[in-house]
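Participant: The structure follows.
Here is the structure:
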C-alpha cells in the first residue's frame, strides 16, 4: 500500500470523497441547478441551439465537429463517445436518478444557496486539509475539475447532487468527544517527519535495514535505498514524508505506532504492512500548536462533521448505485458498461 504522506495532496484527496471525484451524476433541470457560475455557458449554448433550429425551420442539425474542414456527423461521433465514456455517463445518470427519487420520498429539497454552498465547501475543504490559502485552494479545485472532466454542465449538476446527498445524511450525523479528541491530536498535537522505505519482501526490508544501520552515513544510505527500491510514492524524495500525527487514522496503525516517539536518526524495526514491509527512520519532531482544545473546538466540530458527512454521502451513493437496475440497449454503451472497472478492483 502507498504511504505517500505528502499531505498537501494525499490528505486533499482523502478529504474529497467519492462523491466529488468519481460519481459526478446528473439529473436536475436547468431551473433547479442554475446558480454556480459555470452553468451560464450551458445556458448560452442551449439558446444558440434553439436559435439555429428556429432559423432553419428545425430541420437541420449543425454538425458537432469539423476535421480539416469536413463535417463529422453525430452518427460517427456517438459510438466513439459511448465506448470511451459511456459507463461513466450511465453511472452518473443512474445514481442521480436514484438520489432525486430518494430525496423526493424523504421530502428533502435544496435551494440555490445550498447548491452554491457546495462549491464554497469544496474550496474551504481543500484550503483546510492541504494548508492552502483560498486563492491556492481555488486553483487546486479548478485543476481537479479539469482532470476529472467536470465541465460547466457536469459540475453544476454535481453541486446539486452533493447538496441533496448532504441534506439526506445530515440527520444521522453525530459528533462524539472521541472524534473531537482525535481531530485535535491530528491538527494540533505533536507530529513526526520520517523517511520510509517500503518493499514487498520482509527479507529485503531486513537486509536494507542492516545496510542502513551499518553505513557511515545512515541517512544518505537510506535515501539511496529508498530511491532505488521503495515501492512507496515517497521514493523520489528519498522516502521523506510530511509531518505524521500518531493519531491520524489516514495512516496504517502499524506506521502510527512506530512513528510515535521516533527521534531523529532513530531506525525502526521492520514494520509489517498490508502486503508489504517497511523500515522507518526518524527525521524531525514537530511540536504541537500549543492551542487548547477549547479554543479550537468550533473549527474541530466543523471539520469532524464535514468528514462524517462525506463518509455517509459515499456510503449512501454506493448503496443507491448498487440497487439501480441498468440495461443499456445501445451496443457501444453496452460494451462500455460491461467492461467498466469495478469499484474496489
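In our numbering, the protein residues as written are 14 to 358.
Where is the CB? At the ideal position from N, CA and C, for every residue including glycine.
Keep in mind that this is a model prediction, so the values were computed, not measured.
DSSP three-state call for residue 279: helix, strand or coil?
Facilitator: Locating residue 279 in the chain shown gives position 266, counting from the first residue. Reduced to three states, the DSSP call for residue 279 is coil.
Participant: Is DSSP giving residue 125 helix, strand or coil here?
Facilitator: Translated into the one-based positions of the chain shown, residue 125 becomes position 112. Three-state result, residue 125: helix.
Participant: May I have the straight-line CA-CA distance separating residue 261 from residue 299, to the nearest angstrom?
Facilitator: Looking up residue 261 in the chain shown gives position 248. Looking up residue 299 in the chain shown gives position 286. Spanning the two alpha carbons is a distance of roughly 15 Å.
Participant: For the region 233 to 240 against the region 303 to 321, do three or more pairs of beta-carbon atoms, one drawn from each stretch, fall closer than 8 Å, so that the two count as touching?
Facilitator: At 8 Å Cβ cutoff, the stretches do not touch.
Participant: Taking residue 268 as the reference, which of 276, 277 and 258 has the closest Cα?
Facilitator: Here residue 268 refers to the residue found at position 255 of the chain shown. With distances taken between Cα atoms, residue 268 lies closest to 258.
Participant: On a CA-only basis, which of 194, 119 and 241 is nearest residue 311? Give me that one, please.
Facilitator: Along the chain shown, read from residue 1 onward, the residue named residue 311 stands at position 298. The candidate whose alpha carbon is nearest that of residue 311 is 194.
Participant: For residue 283, tell me which candidate among 133, 103 and 221 has the shortest Cα-Cα distance.
Facilitator: Locating residue 283 in the chain shown gives position 270, where the first residue counts as 1. The shortest Cα separation from residue 283 among 133, 103 and 221 belongs to 221.
Participant: Looking at C-beta atoms only, is the number of pairs between the region 151 to 160 and the region 222 to 230 that lie closer than 8 Å three or more?
Facilitator: no
Participant: Using 8 Å for Cβ pairs, my map puts residue 196 next to residue 93. What's the rounded Cβ distance?
Facilitator: Locating residue 196 in the chain shown gives position 183, where the first residue counts as 1. Locating residue 93 in the chain shown gives position 80, where the first residue counts as 1. Actually they are not in contact, since the Cβ atoms of residue 196 and residue 93 sit about 47 Å apart, beyond 8 Å.
Participant: Compute the Euclidean distance between the alpha carbons of residue 354 and residue 337, then round it to the nearest angstrom.
Facilitator: Within the chain shown, residue 354 is the residue found at index 341, counting from 1. Within the chain shown, residue 337 is the residue found at index 324, counting from 1. If you take the alpha carbons of residue 354 and residue 337, they lie about 17 Å apart.
Participant: Can you say whether residue 150 is buried or exposed, counting buried as having 16 or more other CB atoms within 10 angstroms of its CB?
Facilitator: By one-based count along the chain shown, residue 150 stands at place 137. With 16 or more other Cβ atoms within 10 Å, it is buried.
Participant: Spatial neighbours of residue 244 within its chain, please: C-beta separation below 6 Å, excluding the five flanking residues on both sides.
Facilitator: As a position in the chain shown, residue 244 is number 231, starting the count at 1. Closer than 6 Å at the Cβ level, and outside the excluded window around residue 244, lie 211.
Participant: Do three or more CB pairs link the region 123 to 134 to the region 83 to 101 at distances below 8 Å?
Facilitator: no
Participant: Can the beta-carbon of residue 153 be found less than 7 Å from the beta-carbon of residue 218?
Facilitator: Position 140 of the chain shown, counted from the first residue, corresponds to residue 153. Position 205 of the chain shown, counted from the first residue, corresponds to residue 218. Result no, Cβ atoms of residue 153 and residue 218 do not sit closer than 7 Å.
Participant: Among 168, 182 and 126, whose alpha-carbon lies nearest the alpha-carbon of residue 329?
Facilitator: Indexing the chain shown from 1 puts residue 329 at position 316. The candidate whose alpha carbon is nearest that of residue 329 is 182.
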